[in-house]
Amino acid sequence: MARTPSNMIPLGSKAPTFSLPDTVSGKNVSFEELASPWGTVVMFICNHCPFVVHLAPELSKFAREFTEQGASFIAISSNDVENYPQDGPELMKENAKANDYCFPYLYDETQQVAKAYDAACTPDFYIYDGDHKLVYRGQFDSSRPGNGVPVTGEDMRNALEKLKNGEPQEANQKPSIGCNIKWKS
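Residue numbers 2 to 186, in our numbering, belong to the letters of the sequence shown in order.
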């Protein structure tokens, strides 16, 4: 299992815009349509990565909790489906239903969105404020497959609570660790 860290892009970076197909609804949606007035989480995930599989049940509960508070969650899969067919759009739709995702699960076929975000791994998380400026990038929490640490979403929970309450973010943000994005050759 590869262990690739997030690229820790500068805080304050503006969210790249995009329009991608949602594998669940079948509609094309844009960042602007999906963004929340106070907080938007963009997640690069996929179906097969053991790191994503490890946190998927808790991620679904976590997203539901914060969506009810007005935050927005957007999941994107950018993997090369020719070499990783288990990450294809039809299976993404099935995976979203099986994991009870309450957020759109978008397919980035060209991988241009992942490149625009400088995404490196799955899972890779970015939190943007109401002005679409980056306030957090990094790990969901310290849990990893096999390390015995419970999946809680602690790091992202702290970041979202601080954003919601207008408090300054932690300066020390830890990168996510996961499988590398499967880039096309």
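Using N, Cα and C, we set each Cβ at its ideal position, and we do this for glycine too.
Of the residues Ser20, Thr18, Asn96 and Asp109, the one placed nearest Val53, counting alpha carbons only: On the sequence shown, residue 53 is found 52 positions in, with the first residue counted as 1. If we check each option's Cα against that of Val53, Asn96 comes out closest.
Selected residue, minimal CA-CA separation from Gly27, among Met44, Lys15 and Met93: Here residue 27 corresponds to residue number 26 of the sequence shown, with the count starting at 1. Among Met44, Lys15 and Met93, the Cα nearest to that of Gly27 is on Met93.
Cβ shell of Ser61 (< 8 Å), same chain only, five flanking positions each side left out: Looking up residue 61 in the sequence shown gives position 60. Cβ within range, chain order: Asn100, Asp101, Tyr102 and Cys103.
Pairwise C-alpha distance: Phe63 and Gly139: Residue 139 sits at position 138 when you count from the first residue of the sequence shown. Residue 63 sits at position 62 when you count from the first residue of the sequence shown. Approximately 16 Å, taken between the alpha carbons.
Residue environment, Leu56, which counts as buried when at least 16 other CB atoms sit within 10 Å: On the sequence shown, position 55 is the one that residue 56 refers to. Result: buried.
Beta carbon of Thr41 nearer than 9 Å to that of Phe32: Reading the sequence shown from its first residue, position 40 is the one you call residue 41. Reading the sequence shown from its first residue, position 31 is the one you call residue 32. Yes, these two residues count as a Cβ contact at 9 Å.
Buried or exposed (CB count within 10 angstroms, at least 16 for buried), Leu161: Locating residue 161 in the sequence shown gives position 160, where the first residue counts as 1. Buried: at least 16 other Cβ atoms inside 10 Å.
Residue closest to Leu164, alpha-carbon to alpha-carbon, out of Asn48, Ile10, Leu135 and Trp184: Reading the sequence shown from its first residue, position 163 is the one you call residue 164. Closest option to Leu164, Cα to Cα, is Leu135.
Pairwise C-alpha distance: Glu66 and Ala16: On the sequence shown, residue 16 is found 15 positions in, with the first residue counted as 1. On the sequence shown, residue 66 is found 65 positions in, with the first residue counted as 1. If you take the alpha carbons of Ala16 and Glu66, they lie about 23 Å apart.
Arg4: CB within 8 Å of a non-hydrogen atom of the ligand ATP: Absence of the ligand ATP is noted for the structure shown, with no ligands found whatsoever.
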